[in-house]
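Inspection log for the structure reproduced underneath, given as structure tokens.
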Amino acid sequence: MTEIDWNDYSLETQAIRAGHKRTHEDEHSIPIFATSSYVFASAEEAALRFTGKQPGNIYSRFTNPTVNAFQERLAFMEHGERCLAFASGMAAIMAVGMGLLKAGDHVVCSRSVFGNTVLMFQNYFGKFGVETDFAELTDLSAWEAAIRPSTRFLFLETPSNPLMEIADISALADIAHRHDCLLIVDNVFCTPVLQKPLTLGADLVVHSATKYMDGQGRCVGGAVIGSESIIEKEIYPFLRTGGATMSPFNAWVFLSGLETLSIRMKAHCENAFALAQWLQQQETVETVHYPGLPTHAQHELAKRQQSHFGGVVSFELKGGQEQAWNLINSTKMLSITANLGDVKTTITHPATTTHGRLAPEVRAAAGIKDSLVRISVGLENVEDIKQDLLAGL
Ligand SMILES: *Cc1c(COP(=O)(O)O)cnc(C)c1O
Numbered sequence: 014m015t016e017i018d019w020n021d022y023s024l025e026t027q028a029i030r031a032g033h034k035r036t037h038e039d040e041h042s043i044p045i046f047a048t049s050s051y052v053f054a055s056a057e058e059a060a061l062r063f064t065g066k067q068p069g070n071i072y073s074r075f076t077n078p079t080v081n082a083f084q085e086r087l088a089f090m091e092h093g094e095r096c097l098a099f100a101s102g103m104a105a106i107m108a109v110g111m112g113l114l115k116a117g118d119h120v121v122c123s124r125s126v127f128g129n130t131v132l133m134f135q136n137y138f139g140k141f142g143v144e145t146d147f148a149e150l151t152d153l154s155a156w157e158a159a160i161r162p163s164t165r166f167l168f169l170e171t172p173s174n175p176l177m178e179i180a181d182i183s184a185l186a187d188i189a190h191r192h193d194c195l196l197i198v199d200n201v202f203c204t205p206v207l208q209k210p211l212t213l214g215a216d217l218v219v220h221s222a223t224k225y226m227d228g229q230g231r232c233v234g235g236a237v238i239g240s241e242s243i244i245e246k247e248i249y250p251f252l253r254t255g256g257a258t259m260s261p262f263n264a265w266v267f268l269s270g271l272e273t274l275s276i277r278m279k280a281h282c283e284n285a286f287a288l289a290q291w292l293q294q295q296e297t298v299e300t301v302h303y304p305g306l307p308t309h310a311q312h313e314l315a316k317r318q319q320s321h322f323g324g325v326v327s328f329e330l331k332g333g334q335e336q337a338w339n340l341i342n343s344t345k346m347l348s349i350t351a352n353l354g355d356v357k358t359t360i361t362h363p364a365t366t367t368h369g370r371l372a373p374e375v376r377a378a379a380g381i382k383d384s385l386v387r388i389s390v391g392l393e394n395v396e397d398i399k400q401d402l403l404a405g406l
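Residue numbers (my numbering): 14 to 406.
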């Protein structure tokens, strides 16, 4: 069979077919290679593999055929040269920092990122002499003003969690590159189906595969995608040594998740759009945050940058924590859990869960009010989702 260049194919096709190197058993589905190590034909071959002079597997902390298949497939989908898989999204973010940063370096991070990402930069990289400043996601001049000669990279999520604010990736890539910094985008909320940051100028994309890639809330995993040179020189050596590796079983689950990612994302977006419009009409709802609504501050940017508006909707109720908790407690079907990107609709109170460990002033600066509720809209019938919310509204 001739070798296919998957770059010539569309994302839907890459998601189903790229990355599989069929073995001598002629299997149709990608096998799980449950092996920690690999054997060599001779002592000479072992030595060549260890020096990297001969390609091939050595040990599953850093290469495994099932994990490789996931990495290759996702690299094509994100239009990146190389992808590395990790044990979790946070392990991927840790690896980016451990690979790229040294004592004395500086990072500019969006104020509106995943709570653990804030803690990673502040508490852990901070412990080793890396300083982080936090910028308002949508304020380009604030990003530029925060950059110092020692700034190594800018880090953001767009849309942000839970307020669904949109950052202008191309504009921030220009700012980063003008100051000799890298731009790193956490693309969890969009997945490559809705947005490809590398094509907009970002240097690295990070993922939590735990969310939409799995899509059914089963496994924890993460990934980093970017150019061959950054991945090979800066990130891979840390994975090999640090060992926050994705297991072959989880890679296999994520591979099948990718196969349906495109149709699932479209369905998530349609349900979320319908729910956001409906929530806007409810009397007890103060504000709805969804980039698909014309009332959203970056609606035009979202239209330009993303192919659809995403599967997460958040909204503030009239009142405070009591009203938010009442609504959450009154649901019968929705899952009360902080996870997102699942076929099951989940509902959460960010101020006391995902963002509960942040200092109150940090949380306030990020705009996360006590009356805020976040819904990751699943693939149930949207009328049933509305019905479940109605009692508490
Ligand atoms: C969940 C999440 C992470 C962390 O991923 P884990 O797989 O839970 O470690 C990072 N960024 C975003 C936006 C997330 O939603």
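Don't be surprised by glycine CBs; every beta carbon is placed ideally from N, CA and C.
The alpha-carbon of A184 is positioned some 43 Å away from that of R62.
Note that the C-beta distance between S221 and G102 is below 7 Å.
In the structure shown, F127 adopts coil according to DSSP, grouped into three states. Cα atoms of E25 and V121: separation of roughly 34 Å, rounded to the nearest angstrom.
Counting along the chain, the unbroken beta strand (DSSP E) around T300 starts and ends at V298 to H302. Shortest Cα-Cα distance from H41 to any of T48, R30 and A47 involves R30.
According to the DSSP assignment, I238 belongs to the beta strand (DSSP E) that extends over G235 to G239. Beta-bridge annotation (DSSP): H312 is not paired with any residue.
The C-beta distance from D227 to V266 rounds to 6 Å, short enough to meet the 8 Å contact threshold. With distances taken between CA atoms, T300 lies nearest to E329 out of E329, E272, N284 and I276. The alpha-carbon of Y137 is positioned some 44 Å away from that of Q400.
If you check the CB distance, S275 and V206 come in under 7 Å. Between the region 330-348 and the region 207-220 there are fewer than three inter-stretch CB-CB distances shorter than 8 Å, so the stretches are not counted as touching. With 16 or more neighbouring CB atoms inside 10 Å of its own CB, I398 falls in the buried class. With contacts defined by Cβ atoms closer than 7 Å, H312 and L176 do not form a contacting pair. Per DSSP, the continuous alpha helix (DSSP H) segment holding L87 begins and ends at P78 to E91. For the options G256, A236 and T223, the alpha carbon positioned closest to that of I197 is the one of A236. With respect to the 7 Å criterion, V52 and P261 are not classified as neighbours on the basis of their beta carbons. Under the criterion of beta carbons closer than 8 Å, P307 and G323 do not qualify as touching, at roughly 16 Å. Assigned with DSSP and collapsed to three states, S327 falls in strand.
Taken through DSSP and simplified to helix, strand or coil, E170 comes out as strand.
Annotation for V233 indicates a beta carbon within 6 Å of some heavy atom of ligand 1.
Here the region 156-171 lies against the region 116-136, with 3 or more beta-carbon pairs under 8 Å apart. Residue A158 holds the alpha-carbon nearest to the alpha-carbon of R191 among N174, P172, E170 and A158. DSSP places L185 in the helix class (H, G or I) of the three-state scheme. Judged by their CB atoms, A82 and G128 are not nearer to each other than the 7 Å cut-off. Taking the Cβ of D227 as the reference point, every heavy atom of ligand 1 lies at 6 Å or farther away.
The shortest C-alpha to C-alpha distance from L113 to any of E247, K224 and A287 is the one to E247. Burial check for Q318: the Cβ neighbour count within 10 Å reaches 16 or more, so the residue is buried. For D199, the shortest separation between its Cβ and any heavy atom of ligand 1 lies below 6 Å.
If you look at T359, you'll find it in the beta strand (DSSP E) that goes T359 to T361. K345 counts as exposed, since fewer than 16 other C-beta atoms from the protein chains shown sit within 10 angstroms of its C-beta.
Rounded to the nearest angstrom, the Cβ distance from E170 to S123 is 6 Å, consistent with a contact under 8 Å.
Closest by C-alpha distance to V109, out of M259, I238, N394 and S389, is I238. M111 sits away from Q27, with the two beta carbons spaced by 7 Å or more.
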